[in-house]
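Worksheet for the structure shown next.
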Ligand SMILES: [Zn+2]
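Numbering (my numbering), first residue to last: 18 to 426.
In structure tokens form, the structure reads like this:
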């Protein structure tokens, strides 16, 4: 098996807040074989001299939509699935080249894309999927305009969600997604920006429906993730047993404390609103949606403070659509207005790994983990924005394979 020995750099352990000198890392095949503060005996390994650069785990984005090839999600759902799949391959490749070696897809990606990555057909990040998100009629996956009563294109790859109403239908929806390979279940439990007929404040699904989905997920040993913005929606989701709280822009202190006690993980996605505010309209976001951006954008930074102070772990999320995927990495500097760099690094590694249920396998440089790693020119603990410019990423390795290596030159 191919071995690589990384030496002569500084190691970033996301559990700490300072870089470590004098560490060596041995990669064998697709995994990290050994990490040591003493010289590793790697006679058959190819030595890679880091020349003082930073070796860190590959990044994990815990909220993406790889099949959202357009900002206009209604139009995206009407595209041929073959076209969506091929565009998605490009979107995923760009994610990998930004240093994201694993992404958790929060609606749309299917088992076929996951297998395509595993087979090496697509050079993209490892995928963790929920299949189609479950949403109610008139909810956040219902992209039809007010007077359009045609059925949705639920079967196409470009459709991010499926409509379920009532306990039987949400159970069926959850069971079908699990059968089709979902790693967890996503529900839309609150109004959203990208859908036309649901204001942000509306609650979606009944408590009974949410509890039923949580039971279905728990039955197979996984969890439910909910799209939630308002304090009332977040509180209800936590009370119903939802584990992964997406967005959370309008959360208040008491609810955050309740979420912390329940062991939930939040996944803020502030890059999405920055991206939409900058260019959403230009790329076809409808006026109904544009009007909603500010409501959630305003709460964003405040929510980070509230979540941090309450002790709710935060994963890294970007939640970008279509032409806005290029803003995936600005989440680092947006969060840095409120959070310390080492907290953000932890979000994009250890905490996101937890939401992928791959603790110890990704987001860490420890023996036995996948050899997903980056060599960075700079110290992310001192300046988090070094992770935003691809030119600072000198090496991108996933599964022990180089996707970029500028060190050898
Ligand atoms: Zn999303």
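Where a beta carbon is used, it is the ideal one built from N, C-alpha and C, also for glycine.
>> I want to check one thing, is the minimum distance from the CB of residue 263 to the heavy atoms of ligand 1 below 7 angstroms?
In response: Within the chain shown, the letter at position 246 stands for residue 263. Yes.
>> For residue 111, which residues in the same chain have their Cβ closer than 7 angstroms to its Cβ, ignoring the five residues on either side in sequence?
In response: Taking the first residue of the chain shown as 1, we reach residue 111 at position 94. Contacts found: 342.
> Just curious, the alpha helix (DSSP H) that residue 437 is in, first and last residue?
Replying inline: In this structure the chain extends from 18 to 426, so residue 437 is not present and cannot be described.
> Any contact of the segment 397-417 with the segment 40-50, i.e. 3+ C-beta pairs under 8 angstroms?
Replying inline: The segment 397-417 vs the segment 40-50: in contact.
> Unbroken alpha helix (DSSP H) runs of length 4 or more, entirely within the segment 233-312: which are they?
Replying inline: DSSP runs (the alpha helix (DSSP H)) wholly in the segment 233-312: 248-256, 270-279 and 287-296.
> Just reading off the alpha helix (DSSP H) that residue 99 is part of, what are its end residues?
Replying inline: Within the chain shown, the letter at position 82 stands for residue 99. For residue 99, the uninterrupted alpha helix (DSSP H) run begins and ends at 98-114, by DSSP.
>> By the three-class DSSP mapping on this structure, what secondary structure does residue 360 have?
In response: On the chain shown, residue 360 is found 343 positions in, with the first residue counted as 1. In the three-state DSSP reduction, residue 360 falls in the helix class (H, G or I).
> Who are the Cβ neighbours of residue 387 in its own chain at under 7 angstroms, not counting the five residues just before and after it?
Replying inline: Working through the chain shown from its first residue, we reach residue 387 at position 370. Only 47, 48, 378, 379 and 416 meet the Cβ criterion.
>> Using only CA atoms, which one of 292, 207 and 138 lies nearest to residue 311?
In response: Locating residue 311 in the chain shown gives position 294, counting from the first residue. Among 292, 207 and 138, the Cα nearest to that of residue 311 is on 292.
>> So residue 284 and residue 133 are supposed to be a Cβ contact under 8 angstroms. How far apart are they, rounded?
In response: Your numbering for residue 284 matches position 267 in the chain shown. Your numbering for residue 133 matches position 116 in the chain shown. With a beta-carbon spacing of about 25 angstroms, residue 284 and residue 133 fall beyond the 8 angstroms limit used to define contacts.
> Looking at C-alpha atoms only, which residue of 154, 85, 106 and 103 is the closest neighbour of residue 125?
Replying inline: Along the chain shown, read from residue 1 onward, the residue named residue 125 stands at position 108. Of 154, 85, 106 and 103, the residue nearest in Cα terms is 85.
> Of all residues in the structure, which have a C-beta closer than 5 angstroms to any heavy atom of ligand 1, taken in chain order?
Replying inline: Those residues, listed in chain order, are 123 and 336.
> Would the beta-carbon of residue 261 fall within 8 angstroms of that of residue 290?
Replying inline: Taking the chain shown and counting its residues from 1, the one referred to as residue 261 is at position 244. Taking the chain shown and counting its residues from 1, the one referred to as residue 290 is at position 273. Not closer than 8 angstroms, so no.
>> Whole angstroms are fine: how far does the CA of residue 187 sit from the CA of residue 392?
In response: Stepping through the chain shown from its first residue, residue 392 is reached at position 375. Stepping through the chain shown from its first residue, residue 187 is reached at position 170. If I take the Cα positions, the gap works out to 44 angstroms.
> In or out: residue 238 buried (at least 16 other Cβ within 10 Å) or exposed?
Replying inline: Translated into the one-based positions of the chain shown, residue 238 becomes position 221. Exposed, because fewer than 16 other Cβ atoms sit within 10 Å of the Cβ of residue 238.
> Got a sec, what are the start and stop residues for the alpha helix (DSSP H) residue 349 sits in?
Replying inline: Taking the first residue of the chain shown as 1, we reach residue 349 at position 332. First-last of the alpha helix (DSSP H) with residue 349: 348-352.
>> Buried or exposed for residue 116, going by 16 or more other Cβ atoms inside 10 Å?
In response: As a working note, residue 116 is residue 99 in the chain shown. The Cβ neighbour count for residue 116, taken over all protein chains shown within 10 Å, is at least 16; the residue is labelled buried.
> Are residue 356 and residue 315 close, meaning C-beta to C-beta below 8 angstroms?
Replying inline: Numbered from 1 along the chain shown, position 339 holds the residue referred to as residue 356. Numbered from 1 along the chain shown, position 298 holds the residue referred to as residue 315. Contact: no.
>> From the DSSP secondary-structure annotation, give me the bridge partner or partners of residue 392.
In response: Here residue 392 is taken as the residue at index 375 of the chain shown, counted from 1. According to DSSP, residue 392 bridges with 72 and 412.
> Considering only the beta carbon of each residue, do residue 313 and residue 246 sit closer than 8 angstroms?
Replying inline: Taking the chain shown and counting its residues from 1, the one referred to as residue 313 is at position 296. Taking the chain shown and counting its residues from 1, the one referred to as residue 246 is at position 229. The Cβ atoms of residue 313 and residue 246 sit closer than 8 angstroms to each other.
> With a CB to CB cut of under 6 angstroms and the five nearest residues on each side skipped, what residues in its chain are close to residue 219?
Replying inline: Position 202 of the chain shown, counted from the first residue, corresponds to residue 219. Within the same chain, residue 219 has close Cβ partners 208.
> Since residue 123 and residue 82 are thought to touch, with beta carbons under 8 angstroms apart, how far apart are those beta carbons, to the nearest angstrom?
Replying inline: For this step, residue 123 is matched to residue 106 along the chain shown. For this step, residue 82 is matched to residue 65 along the chain shown. Going by Cβ atoms, the distance from residue 123 to residue 82 rounds to 6 angstroms, so yes, they are a contact pair.
> To the nearest angstrom, how far is it from the Cα of residue 194 to the Cα of residue 230?
Replying inline: Looking up residue 194 in the chain shown gives position 177. Looking up residue 230 in the chain shown gives position 213. The alpha-carbon atoms of residue 194 and residue 230 are separated by roughly 11 angstroms.
> Thinking C-beta only, is residue 163 closer than 8 angstroms to residue 171?
Replying inline: Counting from 1 along the chain shown, the entry for residue 171 is found at position 154. Counting from 1 along the chain shown, the entry for residue 163 is found at position 146. In this structure, residue 163 does not lie closer than 8 angstroms to residue 171 by Cβ.
>> Please report the distance separating the alpha-carbon of residue 273 from that of residue 423.
In response: Indexing the chain shown from 1 puts residue 273 at position 256. Indexing the chain shown from 1 puts residue 423 at position 406. Linking residue 273 to residue 423 through their CA atoms gives a straight-line distance of about 43 angstroms.
> Is it a yes or a no for the segment 90-102 touching the segment 69-78, going by three-plus beta-carbon pairs under 8 angstroms?
Replying inline: With the cut-off at 8 angstroms, the segment 90-102 and the segment 69-78 do not touch.
> From what residue to what residue does the alpha helix (DSSP H) around residue 93 run?
Replying inline: As a position in the chain shown, residue 93 is number 76, starting the count at 1. Boundaries of the alpha helix (DSSP H) around residue 93: 90-94.
> Using the C-alpha atoms, what's the distance from residue 408 back to residue 421?
Replying inline: One-based indexing of the chain shown puts residue 421 at position 404. One-based indexing of the chain shown puts residue 408 at position 391. Cα to Cα, the separation comes out at about 11 angstroms.
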